[in-house]
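*Asks:* Going by our numbering, the sequence shown opens with residue 36, and the numbers climb by one from there.
Structure incoming, see below.
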Amino acid sequence: MYLAERLAADEVIFTAWSGVPDALTVEIVASQGFDAVTLDMQHGGHHEDSVLRSVVPIRHANKHAVVRIPVGRFDMASRALDFGAEAVIAPMVNSVSDARLFAESMKYPPLGGRSWGPTFSFGRLGGTSQQAWLETSNPQVVSIAMIETRAALAHLDAILAVPGIDAIFVGPSDFSIAWTNGRTINATLEDMMEVVGQIAARARAAGKHAGMFVMDPALTGRYIDMGYRFLALGNEQRYVALGSEQLLSAARKSAEGSSAGSVDADPYASSGRPGS
Ligand code: 3PY
Ligand code: MG
Numbered sequence: 036m037y038l039a040e041r042l043a044a045d046e047v048i049f050t051a052w053s054g055v056p057d058a059l060t061v062e063i064v065a066s067q068g069f070d071a072v073t074l075d076m077q078h079g080g081h082h083e084d085s086v087l088r089s090v091v092p093i094r095h096a097n098k099h100a101v102v103r104i105p106v107g108r109f110d111m112a113s114r115a116l117d118f119g120a121e122a123v124i125a126p127m128v129n130s131v132s133d134a135r136l137f138a139e140s141m142k143y144p145p146l147g148g149r150s151w152g153p154t155f156s157f158g159r160l161g162g163t164s165q166q167a168w169l170e171t172s173n174p175q176v177v178s179i180a181m182i183e184t185r186a187a188l189a190h191l192d193a194i195l196a197v198p199g200i201d202a203i204f205v206g207p208s209d210f211s212i213a214w215t216n217g218r219t220i221n222a223t224l225e226d227m228m229e230v231v232g233q234i235a236a237r238a239r240a241a242g243k244h245a246g247m248f249v250m251d252p253a254l255t256g257r258y259i260d261m262g263y264r265f266l267a268l269g270n271e272q273r274y275v276a277l278g279s280e281q282l283l284s285a286a287r288k289s290a291e292g293s294s295a296g297s298v299d300a301d302p303y304a305s306s307g308r309p310g311s
């Protein structure tokens, strides 16, 4: 089933977030319990070549491949689709004109201006004939515009009304900076929850999907109740940190009182991890 069909059925989709530009790492991420994997070209290390290669293990794991392009790089949106992505997330869509350019790169005519050439995606997504591909691609690819500034909020209804924009996705870190006029970076800021809820409600009222980057997994239920369905969790750094912490603390706990006597404590327990 395509991601577009699952969103249309109002399913909750959990996407992993990958910033390590390496198909072998993406293979490991894709084999976890997520529904989709998002390859991040904006703040993550993914680039054209790593996206081209990383879609393979994602498809092999029967997951949906999603790509977040860098700001304004709508040419990469078409390329991500040609590589086999089912959805593209465009950051900082702050105006109707940004939204139009994005939609233009995602959809074939007459809806948009996407150029023909599904060189890799045809095989990777089970294309049958060129004619069928032309007829089914537009509804099957999902254009996701990020709402993460006050300008985007001011133009939200007009952005949602752009034909070819299928969903919005809130970037809560950038949005918190905007919401507090540059004073705070806090993706879970309680003060912005009401407007975050209104964004999802307006998207749904316009017949579009809503997505959210979930920084605190305990907020997941609240976001779902607001109407968010496409939910992004973590990145490789976080998966490794959480998994290592769980393994090591279980091992240390079991080692206490063993014949080894005491074991070294977490070396970073008091000083914090490098880079954190
Ligand atoms: C943000 O929170 O600003 C994001 O872009 C999340 O990916
Ligand atoms: Mg952002």
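Glycine is no exception: its CB is placed at the ideal position from the N, C-alpha and C atoms.
The model shown is predicted, which means the values in this text are computed figures rather than measured ones.
For the stretch 168-179 and the stretch 128-143, state whether three or more C-beta atom pairs, one from each stretch, are separated by less than 8 Å.
*Replies:* Judged by Cβ distances under 8 Å, the stretch 168-179 makes contact with the stretch 128-143, as three or more pairs qualify.
*Asks:* With DSSP collapsed to three states, give me the class of HIS99.
*Replies:* Position 64 of the sequence shown, counted from the start, is the residue given in the question as residue 99. Here HIS99 sits in strand by DSSP.
*Asks:* Compare the C-alpha of VAL55 against each of VAL47, SER66, ALA112 and THR73 and name the closest.
*Replies:* Residue mapping note: residue 55 aligns to position 20 of the sequence shown, counting from 1. Selected option, being the one with the closest Cα: THR73.
*Asks:* Flag this pair as touching only if the stretch 148-160 and the stretch 193-212 have three or more C-beta atom pairs under 8 Å; answer yes or no.
*Replies:* Segments in contact, no.
*Asks:* Look at the alpha carbon of VAL102 and the alpha carbon of TYR263, and state the distance between them as a whole number of angstroms.
*Replies:* For this step, residue 102 is matched to residue 67 along the sequence shown. For this step, residue 263 is matched to residue 228 along the sequence shown. The straight-line gap from Cα to Cα measures roughly 19 Å.
*Asks:* Does at least one heavy atom of the ligand 3PY sit under 7 Å from the Cβ of GLY246?
*Replies:* The sequence position of residue 246 within the sequence shown is 211, counting from 1. No; taking the cut-off as 7 Å, the Cβ of GLY246 has no heavy atom of the ligand 3PY nearer than that.
*Asks:* What are the residues that DSSP puts in a beta bridge with VAL72?
*Replies:* As a working mapping, residue 72 is identified with position 37 in the sequence shown. DSSP lists ALA51 and ALA100 as partners of VAL72.
*Asks:* Quick check: does the Cβ of PRO126 come within less than 7 Å of any heavy atom belonging to the ligand 3PY?
*Replies:* Residue 126 sits at position 91 when you count from the first residue of the sequence shown. Yes - the ligand 3PY has a heavy atom lying nearer than 7 Å to the Cβ of PRO126.
*Asks:* Quick one: give me the first and last residue of the alpha helix (DSSP H) that ALA324 is part of.
*Replies:* The first residue shown for the chain is 36 and the last is 311, placing residue 324 beyond what the model contains.
*Asks:* Quick one: Cα of ILE104 to Cα of HIS81, how far?
*Replies:* Sequence index remark: in the sequence shown, residue 104 carries index 69 (1-based). Sequence index remark: in the sequence shown, residue 81 carries index 46 (1-based). Going by the C-alpha atoms only, they are around 9 Å apart.
*Asks:* Check whether the stretch 222-235 and the stretch 179-196 touch, using three or more Cβ-Cβ pairs below 8 Å as the test.
*Replies:* In short, these stretches touch, since the Cβ pair count reaches three.
*Asks:* What span of residues does the beta strand (DSSP E) with VAL197 cover, start to end?
*Replies:* Position 162 of the sequence shown, counting from 1, holds the residue named residue 197. Where VAL197 is concerned, there is no enclosing beta strand (DSSP E), given that its DSSP letter is neither H nor E.
*Asks:* From GLY278 to GLU271, what distance separates their C-alpha atoms?
*Replies:* Start at 1 with the first residue of the sequence shown, and residue 278 comes out as number 243. Start at 1 with the first residue of the sequence shown, and residue 271 comes out as number 236. Going by the C-alpha atoms only, they are around 10 Å apart.
*Asks:* When you compare each of SER150, SER294 and ASP299 to SER284 by their alpha carbons, which one comes out closest?
*Replies:* Taking the sequence shown and counting its residues from 1, one reaches residue 284 at position 249. Of the listed residues, the one whose Cα sits closest to SER284 is ASP299.
*Asks:* Any heavy atom of the ligand 3PY inside 7 Å of the beta-carbon of ASP133?
*Replies:* The residue labelled residue 133 in the question sits at position 98 within the sequence shown. Not under cutoff, so the answer is no.
*Asks:* Helix, strand or coil: which one does DSSP assign to MET247?
*Replies:* As a first step, residue 247 must be located in the sequence shown, where it is residue number 212. Here MET247 sits in strand by DSSP.
*Asks:* Please state whether DSSP places PHE157 in a helix, a strand or coil.
*Replies:* On the sequence shown, residue 157 is found 122 positions in, with the first residue counted as 1. Looking at PHE157 - three-state DSSP - the assignment turns out to be helix.
*Asks:* Give the DSSP-derived three-state secondary structure of MET141 in the structure shown.
*Replies:* Sequence index remark: in the sequence shown, residue 141 carries index 106 (1-based). If DSSP states are grouped into helix, strand and coil, MET141 belongs with the helices.
*Asks:* Hey, could you find the ends of the beta strand (DSSP E) MET181 is sitting in?
*Replies:* Position 146 of the sequence shown, counting from 1, holds the residue named residue 181. Run containing MET181: 177-182, per the beta strand (DSSP E) assignment.
*Asks:* Does the distance between the C-beta of GLY206 and the nearest non-hydrogen atom of the ligand MG fall short of 7 Å?
*Replies:* As a working note, residue 206 is residue 171 in the sequence shown. Yes.
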